[in-house]
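Let me begin by presenting the structure, written as structure tokens, before commenting on it.
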DNA sequence: TTTTAATACCTTGCAATACAAAGTAGTAAA
DNA sequence: TTTACTACTTTGTATTGCAAGGTATTAAAA
């Protein structure tokens with residue numbers, strides 16, 4: 001894929017990544033690699049340097065919590081879980097997303 | 001609407017505004033106020049300070065051109081038109097948007 | 001004539017975001 | 001003890017959206 005096309009996609013991702021993270025963690029707790037895998041499966045490519053600060057931001061906002069868990073494969077992992085406040089935010093984002101989809105549909109008529 | 005909710009929407013708008021502008025100008029040429037009206041009709045609130053730099057950026061990228069036109073109602077207006085390159089970009093953005101919608105659908109299953 | 005209002009375009013400074021790149025650290029195998 | 005793998009973190013940069021304020025033209029009101 002050419003560079004400009006990737007840039008278009010990167011710009012469009014802005015603002016929906018937080019929505020994606022909350023969506024994923026709404027199903028089950030996960031650590032960073034799990035989340036990256038889920039995003040990859042959904043065809044949403046994200047890199048570590050984007051994800052980690054985002055998880056920390058959402059944790060600081062009270063949308064997520066985490067617990068450490070030992071791993072037999074390497075260093076301990078930070079498993080993130082969504083909070084009640086995170087679920088409220090997710091509902092808010094569902095509404096915002098639906099509105100945005102509607103906006104674009106109107107403009108693309 | 002509460003502040004946090006507006007912030008969610010503002011963040012999601014990032015990256016799709018350029019798409020909206022090209023969509024609007026794909027139908028007919030327009031000057032800034034026309035475009036703001038169209039966006040408002042589609043429930044996408046944008047302010048002048050956002051729109052003007054964006055139009056200039058897209059013009060500099062070769063996606064738009066403009067011509068001046070006298071007005072009986074005040075100062076002359078800059079009417080923007082989409083270029084062939086702009087239409088190519090619009091097609092690219094259509095694809096990117098459809099992919100993004102599909103991504104979110106997958107994650108929100 | 002001068003002032004005011006309306007319209008239109010533009011700029012500046014700030015905050016938030018995504019990303020590339022590099023860094024830190026634990027575990028296990030060579 | 002060195003290397004490879006995994007995992008988490010930080011730094012610097014570019015882009016974007018927005019609030020706020022500024023410039024300029026025209027026409028109507030004082």
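Residue numbers (the working numbering), protein chains in the order written: chain B, 1 to 109; chain F, 1 to 109.
Beta carbons: idealized from backbone N, C-alpha and C, even for Gly.
Since this is a predicted model, take the numbers as computed values, not measurements.
- Cβ contact annotation for residue 69 of chain F (same chain, cutoff 7 Å, sequence separation greater than five): 76, 77 and 79, in chain order.
- The residue among B:63, B:12, B:107 and B:73 with its C-alpha nearest the C-alpha of residue 81 of chain B is B:63.
- The stretch 93–108 of chain B makes contact with the stretch 29–47 of chain F: 3 or more CB pairs, one atom from each, lie closer than 8 Å.
- Closest in C-alpha terms to residue 31 of chain F, from the list F:56, F:99, F:96 and F:60, comes F:56.
- In this structure, the beta-carbon distance from residue 93 of chain B to residue 15 of chain F does not fall below 7 Å.
- For residue 83 of chain B, the nearest beta carbon of chain F is not closer than 7 Å to its own beta carbon.
- What residue 107 of chain F touches in chain B, judged by beta-carbon distance under 7 Å, is 20, 23, 24 and 42, going in chain order.
- Residue 109 of chain B carries a coil assignment under DSSP once its states are collapsed to helix, strand and coil.
- When the Cα atoms are used, residue 74 of chain B and residue 37 of chain B turn out to be separated by approximately 18 Å.
- Under DSSP, residue 65 of chain B forms a beta bridge with B:81.
- Contact between residue 66 of chain F and residue 59 of chain F holds, since their C-beta atoms are separated by about 6 Å, short of 8 Å.
- Taking 9 Å as the Cβ-Cβ cut-off, the stretch 88–101 of chain F approaches chain B at 89, 92, 93, 94, 95, 96, 97, 99, 100 and 101, given in chain order.
- With fewer than 16 other beta carbons inside 10 angstroms of its own, residue 33 of chain B counts as exposed.
- When the beta-carbon positions are compared, residue 107 of chain B and residue 20 of chain F come within less than 7 Å of each other.
- Within 10 angstroms of the beta-carbon of residue 86 of chain B lie 16 or more other beta-carbons, which makes it buried.
- Per DSSP, residue 30 of chain F lies in no alpha helix (DSSP H) and is assigned neither H nor E.
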